[in-house]
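Student: Dumping the structure here so I can ask a few things about it.
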Amino acid sequence: MGHFADLKQKTVLVTGAASGIGKAQMLAFLAEGAMVIALDKAPITQTADGLKTVQVDIRDAPQLTATLKNLLATVSSFDIVCNTAGILDQYTPTLETSEADWDNLMAVNLKSQFLVTNAVLPSMLARHEGVFVNMASIAGLVAGGGGAAYTASKHAIIGYTKQLDYDYASQGIRANCIAPGAIETPMNAADFAGAGEMAKEVARQTPAGRWAQPAEVAQLSLYLASQASDYIHGTVVPIDGGWLEK
Numbered sequence: 030m031g032h033f034a035d036l037k038q039k040t041v042l043v044t045g046a047a048s049g050i051g052k053a054q055m056l057a058f059l060a061e062g063a064m065v066i067a068l069d070k071a072p073i074t075q076t077a078d079g080l081k082t083v084q085v086d087i088r089d090a091p092q093l094t095a096t097l098k099n100l101l102a103t104v105s106s107f108d109i110v111c112n113t114a115g116i117l118d119q120y121t122p123t124l125e126t127s128e129a130d131w132d133n134l135m136a137v138n139l140k141s142q143f144l145v146t147n148a149v150l151p152s153m154l155a156r157h158e159g160v161f162v163n164m165a166s167i168a169g170l171v172a173g174g175g176g177a178a179y180t181a182s183k184h185a186i187i188g189y190t191k192q193l194d195y196d197y198a199s200q201g202i203r204a205n206c207i208a209p210g211a212i213e214t215p216m217n218a219a220d221f222a223g224a225g226e227m228a229k230e231v232a233r234q235t236p237a238g239r240w241a242q243p244a245e246v247a248q249l250s251l252y253l254a255s256q257a258s259d260y261i262h263g264t265v266v267p268i269d270g271g272w273l274e275k
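Below, the structure written as structure tokens:
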């Protein structure tokens, strides 16, 4: 028996599902009995009842749009969308950020959420129900969690999510953001390189004294996708071990 019985047999779309938080979300929703369609540029190696995996480069707008159109022809509509795919920059300030790097990061982190949302939203509106769980970051609330491009993208995701909920809440749509702090994922592998001194320093600076695991973010995702959070709208929920309280 899952923690959120209402998620059973829901149809869930997860982007960035090959690793990290997206993979943890995929596994968590499957454990609740949901049907999960998982997207990633990298191959997704898991197999399970109720899981369909699709390899797609979400930076490629025509490819992504065509993929979603084909999926919607099969499932009719998604109940829940987790816009999770994201990449990190090199913590570079604006003068050290090339236009190409800026565009690439925005295509993955921000534009993909716009494209996915616009592809699936009409079918949700037709049913008068649908939930979006968009992945932001503490870098969407404060500076220092990334470089100029990453920080800008995560701030934009928060604004986009709030406006999405504001525009469509009266039509049965609910949209919220998660703002993770230090989560041990492949995206943060550089912090654990060598003796992991950077990772240790981040843990020391985090009031909780540790990094979180992706499964912890996935559990929050389940809550935000479930009926238990039905009155939570357009909100950013940090999961950061107290980082923002400093």
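Numbering-wise, my numbering puts 180 at position 151 of the sequence shown, and it's gapless, one number per residue. Backbone N, C-alpha and C define an ideal beta-carbon position, used for all residues, glycine too.
Opposite residue 69 in the DSSP bridges: which residues?
Tutor: Partner(s): 84.
Student: To the nearest angstrom, how far is the alpha carbon of residue 114 from that of residue 261?
Tutor: Looking at the two C-alpha atoms, the distance is approximately 23 Å.
Student: Alpha carbon to alpha carbon, how far is residue 101 from residue 45?
Tutor: Going from the Cα of residue 101 to the Cα of residue 45 covers about 19 Å.
Student: Contact defined as beta carbons within less than 8 Å: I believe residue 270 pairs with residue 191. What is the distance between those atoms, to the nearest angstrom?
Tutor: That pair is no contact at about 24 Å.
Student: For residue 30, does the three-state DSSP call read helix, strand or coil?
Tutor: Note that residue 30 scores 39 on pLDDT, short of 50, meaning its location in the model is unreliable and no value can be drawn from it.
Student: With H, G and I counted as helix, E and B as strand and the rest as coil, what does DSSP make of residue 145?
Tutor: Reduced to three states, the DSSP call for residue 145 is helix.
Student: With distances taken from CA atoms, which of 218, 195 and 84 is nearest residue 119?
Tutor: When each option's Cα is compared against that of residue 119, the closest is 218.
Student: Tell me which residue opens and which closes the alpha helix (DSSP H) that residue 227 is part of.
Tutor: Unbroken alpha helix (DSSP H) run through residue 227: 226 to 234.
Student: For the beta strand (DSSP E) containing residue 204, list its first residue and its last residue.
Tutor: Residue 204 -> beta strand (DSSP E) spans 202 to 209.
Student: Count the C-beta pairs between the region 221 to 234 and the region 31 to 40 that are closer than 8 Å, then say yes if the count reaches three, no if not.
Tutor: As far as the Cβ criterion goes, the region 221 to 234 does not touch the region 31 to 40, which means the pair count is below three.
Student: What does residue 212 pair with, by DSSP beta-bridge criteria?
Tutor: Bridge partners of residue 212: 241.
Student: Specify the secondary structure class of residue 221 as computed by DSSP and reduced to three states.
Tutor: Correct three-state label for residue 221: helix.
Student: Between 66, 124 and 112, which lies nearest to residue 140 when the distance is taken from Cα to Cα?
Tutor: It is 112.
Student: In chain order, what residues of the same chain have a beta carbon less than 7 Å from the beta carbon of residue 59, not counting five sequence neighbours either side?
Tutor: Taken in chain order, the residues that qualify are 65, 77, 79 and 80.
Student: For the 8 Å Cβ check, are there 3 or more pairs between the region 234 to 244 and the region 172 to 191?
Tutor: These segments do not touch.
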